[in-house]
Amino acid sequence: MSTQIEQRETETEDEETEAEVQSPGDRRRAEKRQRQAERDLQRETEEASLDDEETISLKVFRYDPEVEGKQEPRFDDFTVPFHKGMTVLDALMYARDHYDSSLTFRHSCRQAVCGSDALFVNGRQRLGCKTQVADLDDPIRIEPLPHQEVVKDLVVDMEHFYDQMEAVEPYFDADETPDDELEEQRQSRENREKVKMSTRCIWCGACMSSCNIAAGDNEYLGPAAINKAYRFAMDEREGEQRKQERLRIIEQEHGVWRCQTQFSCTEVCPKDIPLTEHIQELKREAVKNNLKFW
């Protein structure tokens, strides 16, 4: 018995001596291996528990042009536990946090306000944070927005979309301002109601992605940009000269006249903006603006 105790004491002393001679780098690597082993054990435990839970299946588009072996687009399958109120964004975050930390997608506020997590879910443009998993057929197929260049996985390049939004010069330029710098530029209640829906745009790009005209005409302003032009052109506080300039922008060859009234943009808008109606109203304004009576 005493021999066994002495052997254990000797082993303990050897371990302590080995720990003392380890360099700081060796210790950090050992700690990192220990943490990874703990995470692997936790993941295995969670995966085993999924057998007893209600789950959903995700088929997620993957693509990474900078990593060899991931440069060919593919779909990865993930199984995640379901809970009441779960959104597509919740499911993606679970898959990223528990299965593959390299899974890339945009998100921010999670309250359908920032517009950053627009995705193509089960064949339709949707906001990930607003779309309930319970309302979708399983498996849930998640892809990046169509008609836009994919940067990585579910992230698309939005630069062209932002350029189109800026092309309509989305800012006020009133003819007159109040004498008192602290006084507001007043707007009638009726006019506010007229432009109210157009102000709800969150720049998510879902409408642009759904538009067949925008897919074939890279210069087309697109429904989001035209809606932004509507928001200012129809505001009674807009200067008359500025309004004329804005109408000239939107009635160009790649402006409102390219719209074929398919209503696809209106159908996918997460803020329920009547985009097609706004485009048609701007068409009428452009026609009236060009009528001459003499």
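In my numbering, the protein residues as written are 21 to 314. C-beta atoms are modelled at their ideal positions from N, C-alpha and C, and glycine is treated no differently.
Write down the C-beta distance between residue i and residue j rounded to the nearest angstrom, noting that I regard them as a contact closer than 8 Å.
i	j	result
residue 258	residue 252	5 Å
residue 221	residue 248	7 Å
residue 156	residue 124	At roughly 21 Å, the Cβ-Cβ gap does not stay under 8 Å, so residue 156 and residue 124 are not in contact.
Could you work out which residue in the options is closest to residue i when comparing CA atoms only?
i	options	result
residue 263	190, 224 and 214	190
residue 98	112, 292, 89 and 104	112
residue 7	275, 210, 244 and 293	Residue 7 lies beyond the residue range present for the chain, which begins at 21 and ends at 314; the question has no answer from this structure.
residue 295	219, 268 and 269	219
residue 286	107, 231 and 192	231
residue 300	293, 277 and 89	277
residue 80	73, 91 and 96	96
residue 154	107, 144 and 88	107
Exposed or buried, what is residue i when buried is set at 16 or more other beta-carbons lying within 10 Å of its beta-carbon?
i	result
residue 115	buried
residue 250	buried
residue 86	exposed
residue 242	buried
residue 208	exposed
residue 44	exposed
residue 103	exposed
residue 309	exposed
residue 151	buried
residue 52	exposed
residue 49	exposed
residue 140	buried
residue 146	buried
residue 198	exposed
residue 75	exposed
residue 54	exposed
residue 56	exposed
residue 200	exposed
How long is the line joining the alpha carbons of residue i and residue j, rounded to whole angstroms?
i	j	result
residue 311	residue 303	13 Å
residue 83	residue 94	7 Å
residue 266	residue 284	25 Å
residue 224	residue 217	15 Å
residue 165	residue 202	44 Å
residue 161	residue 78	6 Å
residue 306	residue 131	37 Å
residue 60	residue 288	40 Å
residue 172	residue 235	20 Å
residue 229	residue 245	13 Å
residue 214	residue 62	55 Å
residue 282	residue 227	12 Å
residue 120	residue 297	43 Å
residue 181	residue 188	12 Å
residue 117	residue 100	11 Å
residue 73	residue 64	15 Å
residue 292	residue 272	27 Å
Near residue i, what residues of its chain come up, given a Cβ to Cβ distance below 8 Å and the 5 sequence neighbours on each side ignored?
i	result
residue 128	134, 136 and 137
residue 194	205, 257, 258, 259 and 262
Tell me which same chain residues have a C-beta within less than 6 Å of the C-beta of residue i, skipping the five on either side of it?
i	result
residue 109	127, 137, 148 and 149
residue 176	164, 165, 168 and 170
Contact criterion: CB-CB distance below 7 Å. Does residue i meet it with respect to chain C?
i	result
residue 168	This model lacks chain C altogether; it includes just one protein chain.
Counting only the same chain and skipping the five closest in sequence on each side, list residues whose C-beta sits under 7 Å from that of residue i.
i	result
residue 254	214 and 215
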